[in-house]
Amino acid sequence: MKDSLLRVTDLKVKFDHHVVLDDINFEVGKDETLAVIGPNGAGKTVLFRALLGLVPYEGKVEWAKGTKIGYVPQKLSIEKDLPLTTLEFFGLKEKSRKEIDDALASVGFEEDKPHKGHLSQHVLNRKIGVLSGGELQRVLIAFALLEHPDVLLFDEPTAGVDITAEETIYGLLRKLQERENLTIILISHELHVVYRYANNVICLNKEKICFGPPREVLDKESLEKLYGHEAGVYEHHHEHK
Amino acid sequence: MNTNNLLFLIMVGSAVAAAAGYLGSFMVIKRMSLVGDALSHVALPGMAIAILLHLSPIVGALVALTIATVGIWYLEKTSKIYPEALVGIFFTFALAVGVLITPEPELLEALFGDIEKITVMEGVWAILISLLVIFAVRFISKKLILGVISEELAKSMNISTSTTNFIYLLLVGIIVALGVKFVGTLLMGALVIVPAASAKNISRGITNYYLYSILFGILSAIIGIASANYFHISPGPAVVLTSILIFILSYLFKK
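Here the protein sequences come in this chain order: A and B.
Counted the way the UniProt record's numbering counts, the first sequence spans residues 1 to 241.
Counted the way the UniProt record's numbering counts, the second sequence spans residues 1 to 255.
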């Protein structure tokens, strides 16, 4: 493994005596992509919140010194008539228009595509609550990229996004991976995504079930342990790759 | 009342209404509209106790509001679902107790306010404090908005949403205490909520939204106080009715 960016040791999270995560150990190297998978209620989002220091936990979460974390939250439910345009949303961070435009370009939003003025008219000057799922997701990624983070935490990048937008998002993910010095940690439901994009995968179901490169650790046994009887379906998916 | 006096009252009223409108703009999008109302009711028992102790009612209102603010902040912070019913019950209780213990002669004034009784000193202070509150809200406005969009996102940016909310609620408490003298405990909630609700009807962006909230607050104060003077009616209800008229107009122009 290259230089370590994140080391998690004996992580345990409890809410009111109810153990949500237990005995979690893993490490993420610089420039790697780690996928977090597991069934609903497995504690994936809680793991993110612990990594961000938003919930109390036992054990250790150690980021390399000076690591800047960008966080892309799971699909937000923003009220449709919230009087805030997308451009004003970017304005919540003290950045220049140039920096905002750069961040937008890196998620594929450019002023003259597909036609002149498209971006301003259909995205920037619209209320953020009326953006489509895919647009909002890209806006949130651009928002995180504004800080030039060393690592992006991605909570289900394609939840609530239609199929074309899903492809855009994953294409984007690939482009982001190619950028130097960007580590990605993502939560995903979809195994094909994990195989395609992740160097390592951590399987969670309250505790760590597997950890390592997807092709090595995602065997029948661990998938069965992870998803129970559903495992067959997932494996089927796997064979078609 | 002479003209100078009227002008001064309008200035005081506008300053308080501007600050209330600005604060209200966050309350409306935070979906905490009831809190403005509830807080204004809490002022009453505080004022009553202050009157009984021969202290300034504003001080009493401020103490009561500070205690209530801490209470609301704590509830908001610790419970997952915002306990709206509980807030409603507690604050109606405060209102009932307040009505019982407020001395009869002061009751009407406490309930509906009487801006005409404001002294020059009180007026100058009200203007200064209102301006300070506007400045303070501006300082935390971006943090408040990020908290509305996503608490997690705000926290991931090292913004303490809990501290921001606390400062915000304290500012609301201060303005409600000032406004109670002006429109009374029963109607102060309206001065916080109504201008912002009107502004939301016609604003696309946040800057417009803030400006309209403030502007509608000021307009309500000017038209309300001036017409109360002209028609010899109580200024508090006149101001609130004006703000509601603006709301109806904004609703008709809703985009």
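The beta-carbon is built from N, C-alpha and C at its ideal position, and this holds for glycine as well.
This structure is a prediction, so every number in the text was calculated from the model and none was measured.
Would you mind telling me which residues of chain A sit closer than 9 angstroms to residue i, beta carbon to beta carbon, in chain order?
i	result
S203/B	P83
With burial defined as no fewer than 16 other Cβ atoms inside 10 Å of the residue's Cβ, what is the status of residue i: buried or exposed?
i	result
N165/B	buried
Y212/B	buried
L145/A	buried
N201/B	buried
Q121/A	exposed
H237/A	Confidence at H237/A is low in this model, with a pLDDT of 44, below 50, so the placement of that residue should be treated as unreliable; the coordinate-derived value is given next. So H237/A counts as exposed.
S188/A	buried
K143/B	buried
K65/A	exposed
K220/A	exposed
L226/A	buried
G98/B	buried
K116/A	exposed
L54/B	It is worth fixing the name first, because residue 54/B is His in this sequence and not Leu. Per the 10 Å Cβ criterion, exposed.
In chain B, which residues lie less than 7 angstroms from residue i when you measure between Cβ atoms?
i	result
Y71/A	L153, S156
Give the range of the beta strand (DSSP E) segment to which residue i is assigned.
i	result
H18/A	18–29
R7/A	4–15
Y57/A	Careful: Y57/A lies outside any beta strand (DSSP E) and carries neither H nor E.
F154/A	151–155
Would you mind telling me which residues of chain A sit closer than 8 angstroms to residue i, beta carbon to beta carbon, in chain order?
i	result
L146/B	L92
K200/B	D81, P83
Could you name the residues of chain A that residue i contacts, counting a contact when the two beta carbons are closer than 7 angstroms?
i	result
A206/B	Reading the sequence as shown, one finds Ile at residue 206/B and not Ala. Simply P83, L84, E88.
Y209/B	P83
I29/B	L82
K181/B	Within chain A, no residue comes near K181/B; the closest Cβ sits about 31 angstroms away, beyond 7 angstroms.
On the premise that residue j lies in contact with residue i, defined as a C-beta separation below 8 angstroms, what is that separation, rounded to the nearest angstrom?
i	j	result
F112/B	G24/B	Actually they do not touch by this definition, with Cβ atoms about 20 angstroms apart.
R7/A	E27/A	5 angstroms
T86/A	I37/A	No, T86/A and I37/A are not in contact; Cβ-Cβ is about 31 angstroms, not under 8 angstroms.
L52/A	S156/B	5 angstroms
A64/B	G46/B	3 angstroms
A19/B	I175/B	5 angstroms
P149/A	I69/A	6 angstroms
E32/A	N200/A	6 angstroms
At what residues does the alpha helix (DSSP H) containing residue i begin and finish?
i	result
V99/B	84–101
F112/B	104–112
N201/B	188–202
E116/B	Run containing E116/B: none; DSSP gives neither H nor E here.
N208/B	206–231
Is residue i near the ligand NAD, judged by its Cβ being under 8 angstroms from some heavy atom?
i	result
F48/A	Ligands are entirely absent from the displayed structure, and the ligand NAD is therefore not among its contents.
Using a Cβ cut-off of 8 angstroms, pull out every chain B residue sitting near residue i, in sequence order please.
i	result
residue 282/A	The requested residue 282/A does not occur in the structure, where chain A is confined to residues 1 to 241.
V54/A	Note on identity: in this sequence residue 54/A is Leu, with Val being the wrong assignment. Those are E152, K155, S156, listed as they occur along chain B.
Selection of the segment 148–168 of chain B by Cβ proximity to chain A, strictly under 7 angstroms:
Those would be I149, S150, E152, L153, K155, S156, in chain order.
Counting only Cβ-Cβ distances shorter than 7 angstroms, please list the residues of the segment 77–105 of chain B near chain A, keeping chain order.
The residues in question: there are none.
When Cβ atoms are compared, which residues of the segment 112–146 of chain A fall closer than 7 angstroms to chain B?
Along the segment 112–146 of chain A, going in chain order, the ones with a CB nearer than 7 angstroms to a CB of chain B are K127.
Chain A contacts from the segment 105–120 of chain B (Cβ-Cβ distance under 7 angstroms):
Residues: none.
Along the segment 2–20 of chain A, where does the CB come closer than 9 angstroms to a CB of chain B? Name the residues.
Hits within the stretch: zero.
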